[in-house]
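Colleague: Mapped onto this note's numbering, the consecutive letters of the sequence shown carry residue numbers 2 to 292. Idealized CB from N, CA, C, for every residue including glycine.
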Amino acid sequence: MDALQRLVDGTPENKKLKASVKAGKLKINVSNVAIEARRARTLIALEDCRYPKVREAIQIAQDGKSKVPSTYTQLIQNLRTDLAQAKAENKLLQTQITAHFIARKTAEEEARRATAIAANLRREITELHKTVSLPAKAPKELPRLILIRGLPGSGKTSMGKTYKDQGYKHVEADMFFEIDSKYQFEESKLPEAHAWCLQQAHDALAVGGHVVVANVFATVEEIKPYIDLGFDYQIIEATGRGKSIHPIPSAVLKRMKAAWVPTDALLAQLKGKAPSCSQVASIHSAKKNRK
């Protein structure tokens, strides 16, 4: 409308239109109004254009008539134009309201999420603070003596070797029969083998070492000499079902199985006789504890 008014007043800003004014050839039409307004001609040129009021004003300016309608036809045309413009403005307003509503809803959802995240972070920080504030626990001391019991093939030897990484000396009666890297079992020398194993454990413990002994320990009588050494100890039962790495006569193996005392019963028999409290675990739980 401002561009049209400048053309009507004869004061356009466009250079070409100024030249037309000087030459007395300025025409008020859709093209010149669009040029002066620096907008597309199609916005005001068509019947259902975006700015029908401007188009009507251009027509009135061209005809030199008053904006006040003089006939019913002009009145109806003006009313239709006003209605079309009102519908366009209403549609634009509805679009803006919808966009505003969506933006507001999105912002509210993001605010709720941010609030929830902040609350979770505060809780985590509080829990971390509690954890950091907990008094430090003294490291649990390893037992000086670990006694692994189990029948041949249960995994005693393999398990005993794993304790070397923790500084334990691994001994067992079977080592007595290893001569030049060969296992030469003699049943008559079993008492001597167990005496040798007990002495190895005693000597290592006497100088402050940690010892793991892997023997059958089928009965209380076999395990009690180690407990009587007077050091804190742990009893572990190897429960594997493999094949023994040492060739043992079947008769000897049968006697071992016949003499075998379950660990619970063995501990019950040891109760009140041991110089210090004992612990017991299966091979599986023992592996878990060392991790």
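1) Got a sec? Which residues, its chain only, sit under 8 Å from P153 by beta carbon, not counting five neighbours each side?
2) What does the alpha-carbon distance come out to for the pair S67 and E57?
3) From the DSSP output, which residues share a beta bridge with K1?
4) Count the other CB atoms within 10 Å of the CB of F177; is the residue buried (16 or more) or exposed (fewer)?
5) With DSSP run on the structure shown, which of helix, strand or coil describes Y164?
6) What three-state label does DSSP hand E14 in the structure shown?
7) Would you report the Cα separation of K23 and V9, rounded to the nearest angstrom?
8) Rounding to the nearest angstrom, what Cα-Cα distance links K106 and Y52 in this structure?
9) Which runs of the beta strand (DSSP E), 3 residues or longer, sit entirely within the stretch 63-130?
10) Which value, in whole angstroms, describes the spacing of the CA atoms of V31 and L47?
11) Return the CA-CA distance between A205 and C198, expressed in angstroms with no decimal places.
12) Would you give the residue range spanned by the alpha helix (DSSP H) that S182 belongs to?
13) Would you decide whether S182 is buried or exposed? Buried here means 16 or more other CB atoms lie within 10 Å of its CB.
14) May I ask you to report which of helix, strand or coil DSSP gives A20?
15) Can you round the beta-carbon distance between G161 and V213 to whole angstroms, since I take them to be within the 8 Å contact cut?
16) Is K157 closer than 8 Å to I147 when the C-beta atoms are compared?
17) Please list the terminal residues of the continuous alpha helix (DSSP H) segment that includes V221.
18) Under the three-state reduction of DSSP, which class applies to L143: helix, strand or coil?
19) If we count the other Cβ atoms within 10 Å of its Cβ and call it buried at 16 or more, is H101 buried or exposed?
20) By alpha-carbon positions, which one of T96, A117, T74 and S155 ends up nearest to R242?
21) Using alpha carbons as the reference points, say which of N33, H211, V34 and S251 lies closest to D233.
Modeller: Reading it off the structure:
1) Along the sequence shown, one-based indexing puts residue 153 at 152. The residues V217, S245, H247, I249, L254 and M257, in chain order, have a CB closer than 8 Å to that of P153 in the same chain once the five nearest residues on each side in sequence are set aside.
2) Residue numbering aside, residue 67 sits at position 66 when the sequence shown is read from its first letter. Residue numbering aside, residue 57 sits at position 56 when the sequence shown is read from its first letter. Since pLDDT at S67 reaches only 45, below the 50 mark, its modelled position is unreliable, and no value is offered.
3) With the chain represented from 2 up to 292, any question about residue 1 goes unanswered, as that position is not in the structure.
4) If you number the sequence shown from 1, residue 177 lands on position 176. Answer is buried; the Cβ neighbour count reaches 16.
5) Within the sequence shown, residue 164 is the residue found at index 163, counting from 1. Correct three-state label for Y164: helix.
6) On the sequence shown, residue 14 is found 13 positions in, with the first residue counted as 1. Three-state result, E14: coil.
7) Within the sequence shown, the letter at position 22 stands for residue 23. Within the sequence shown, the letter at position 8 stands for residue 9. Those two C-alpha atoms are separated by around 14 Å.
8) As a first step, residue 106 is located in the sequence shown; it is residue number 105 there, counting from the start. As a first step, residue 52 is located in the sequence shown; it is residue number 51 there, counting from the start. Rounded to the nearest angstrom, the two C-alpha atoms are 33 Å apart.
9) DSSP assignment within the stretch 63-130 yields no whole beta strand (DSSP E) run of 3 residues or more.
10) In the sequence shown, counting from the first residue as 1, residue 31 sits at position 30. In the sequence shown, counting from the first residue as 1, residue 47 sits at position 46. Distance between the alpha carbons of V31 and L47 is about 10 Å.
11) The residue you call residue 205 lines up with position 204 of the sequence shown. The residue you call residue 198 lines up with position 197 of the sequence shown. Linking A205 to C198 through their CA atoms gives a straight-line distance of about 11 Å.
12) Position 181 of the sequence shown, counted from the first residue, corresponds to residue 182. Counting along the chain, S182 falls outside any alpha helix (DSSP H), and DSSP gives it neither H nor E.
13) Locating residue 182 in the sequence shown gives position 181, counting from the first residue. S182 comes out exposed.
14) In the sequence shown, the residue the question calls residue 20 occupies position 19. Here A20 sits in helix by DSSP.
15) Residue 161 sits at position 160 when you count from the first residue of the sequence shown. Residue 213 sits at position 212 when you count from the first residue of the sequence shown. A Cβ-Cβ distance of about 5 Å is found for the pair G161 and V213, placing them in contact under the 8 Å criterion.
16) Within the sequence shown, numbered from 1, the residue matching residue 147 stands at position 146. Within the sequence shown, numbered from 1, the residue matching residue 157 stands at position 156. With respect to the 8 Å criterion, I147 and K157 are not classified as neighbours on the basis of their beta carbons.
17) By 1-based counting over the sequence shown, the position of residue 221 is 220. V221 -> alpha helix (DSSP H) spans V221 to I228.
18) Along the sequence shown, read from residue 1 onward, the residue named residue 143 stands at position 142. Coil.
19) Translated into the one-based positions of the sequence shown, residue 101 becomes position 100. An exposed status is given to H101, since fewer than 16 other beta-carbon atoms sit within 10 Å of its beta-carbon.
20) Indexing the sequence shown from 1 puts residue 242 at position 241. Looking at the Cα atoms, S155 is the closest of the given residues.
21) Within the sequence shown, numbered from 1, the residue matching residue 233 stands at position 232. Ranking N33, H211, V34 and S251 by CA distance to the CA of D233 puts H211 first.
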